[in-house]
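Data block below; observations after.
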Amino acid sequence: MRIAFIGLGNMGQPMAANLVRAGHDVAGCDIAAANVEKHVAQGGRAAATIEAAVDGAEAVITMLPAGRHVAEVVPRVLRAAVGSPLLIDSSTIDVATTREMARQAQARGIEILDAPVSGGVRGAIAGTLTFMVGGGEAAFARGRTLLQAMGKTVVHTGGPGAGQAAKICNNMILGISMIAVSEAFVLADRLGLDRQKLFEVASTSSGQCWALTSYCPVPGPVPSSPANSGYLPGFAVPLMLKDLALAQEAAEAGGAATPLGAHAARIYAALMEAGYGDRDFSVTYEYLAELMRA
Ligand code: NAD
């Protein structure tokens with residue numbers, strides 16, 4: 592298939608490489624020339640502009656930083672499209688922009704899916720991402736094989752915007768539960784309870800959650816977690832803050848009460864102010880331990 596891939600950053604680069612590996616002809620476009628060069632080195636084609644990438648494409652995938660980038664790029668794609676390529680936006684953005692893009696695409700008779708991912712750069716490289724996909728049944732059926740070339744799990748979560756909705760709800764659970772697990776370890780330290788013992792109990796009791804068992808915020812219990820390597824990301828604090836801000840925006844627009852989500856966003860913002868912005872979000876434990884010592 593001829594594919595245009597727009598946004599060849601940390602995530603887009605390996606995702607496009609997996610499409611090339613699956614035998615697709617992938618025209619890559621990025622405002623950073625070095626990223627396009629890397630794409631060519633991986634067997635892809637270079638496109639100098641969005642319009643050149645879209646020319647002749649049967650599918651167009653965008654993997655951009657935020658809503659404002661998508662709101663700029665997707666209308667250009669819609670203007671440049673010849674025929675009816677399938678559009679897939681895998682960026683994590685706000686639900687309102689996603690729904691507006693779906694409205695514009697529909698007006699042009701073009702199908703679009705919002706398909707944000709979970710799994711991070713490691714998952715993008717390994718092709719094991721989870722895609723949460725919003726859009727029509729027919730569009731989902733068209734896009735499924737492409738998404739499977741980049742990920743392991745592909746879930747159709749509903750109509751336009753439902754992919755982004757699933758992503759921000761999931762990450763709100765994660766952001767809150769990481770703080771809960773970190774607080775428990777800080778309290779355990781203060782009570783003289785051995786960390787490994789708390790892990791043994793909580794990981795097999797009602798405190799069990801992903802933030803504890805797969806991504807434990809203290810060194811030791813889970814050897815692969817960022818806590819064992821100086822909290823190198825992983826999933827950096829600003830990315831978690833971005834997703835929690837998207838959740839709060841959606842909660843305010845929809846009138847949903849999410850008090851813990853709001854509080855979690857304030858805590859990650861405080862981590863940024865305290866200088867932890869380049870660390871993995873599980874550094875929350877260190878931040879709280881520091882507060883305890885202060
Ligand atoms: P990134 O900043 O590394 O990549 C974005 C790329 O888009 C950059 O290379 C940038 O030059 C390019 N770009 C920006 N504007 C453009 C334009 N007008 N035309 C062409 N290219 C343009 O970001 P990333 O880490 O790859 O993340 C992409 C998206 O995926 C974000 O929405 C992020 O929230 C989401 N995400 C990231 C991770 C992660 O671990 N990095 C995990 C899950 C989801």
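Each residue of the sequence shown is one higher than the last, beginning at 592 in the numbering used here. Cβ atoms here follow ideal geometry from the backbone N, Cα and C, with glycine treated the same way. What you are looking at is a predicted structure, and each value in this text was computed from that prediction instead of being measured.
{"Check": "Taking the beta strand (DSSP E) that Leu677 falls in, what are its first and last residues?", "Outcome": "Leu677 to Asp680"}
{"Check": "Tell me where the beta strand (DSSP E) around Thr795 begins and ends.", "Outcome": "No beta strand (DSSP E) holds Thr795; DSSP gives it neither H nor E."}
{"Check": "What residues in its chain sit with their C-beta under 8 Å from that of Val627, if we drop five residues either side in the sequence?", "Outcome": "Leu599, Gly619, Cys620, Asp621, Ala637 and Ala638"}
{"Check": "With DSSP as the reference, please indicate the residues paired to Ala650 in a beta bridge.", "Outcome": "Ile594 and Leu677"}
{"Check": "What residue range is occupied by the uninterrupted alpha helix (DSSP H) comprising Ile858?", "Outcome": "Pro850 to Glu864"}
{"Check": "With a 10 Å radius around its C-beta and 16 neighbouring C-beta atoms as the bar for buried, classify Asn601 as buried or exposed.", "Outcome": "exposed"}
{"Check": "With DSSP run on the structure shown, which of helix, strand or coil describes Ser709?", "Outcome": "strand"}
{"Check": "Short of 8 Å in beta carbon distance, which residues of its chain neighbour Gln787, apart from the five on each side in sequence? Order them along the chain.", "Outcome": "Gly811 and Pro812"}
{"Check": "Quick one: using the 10 Å Cβ neighbour count with 16 as the cut-off for buried, is Val792 buried or exposed?", "Outcome": "exposed"}
{"Check": "What residue range is occupied by the uninterrupted alpha helix (DSSP H) comprising Phe776?", "Outcome": "Ala753 to Leu782"}
{"Check": "When the Cα atoms are used, what is the spatial distance from Ala657 to Ile684?", "Outcome": "5 Å"}
{"Check": "If you count every other CB in all the chains shown that lies within 10 Å of the CB of Pro814, and 16 or more means buried, which is it?", "Outcome": "exposed"}
{"Check": "What are the start and end residues of the beta strand (DSSP E) that includes Ala618?", "Outcome": "Asp616 to Cys620"}
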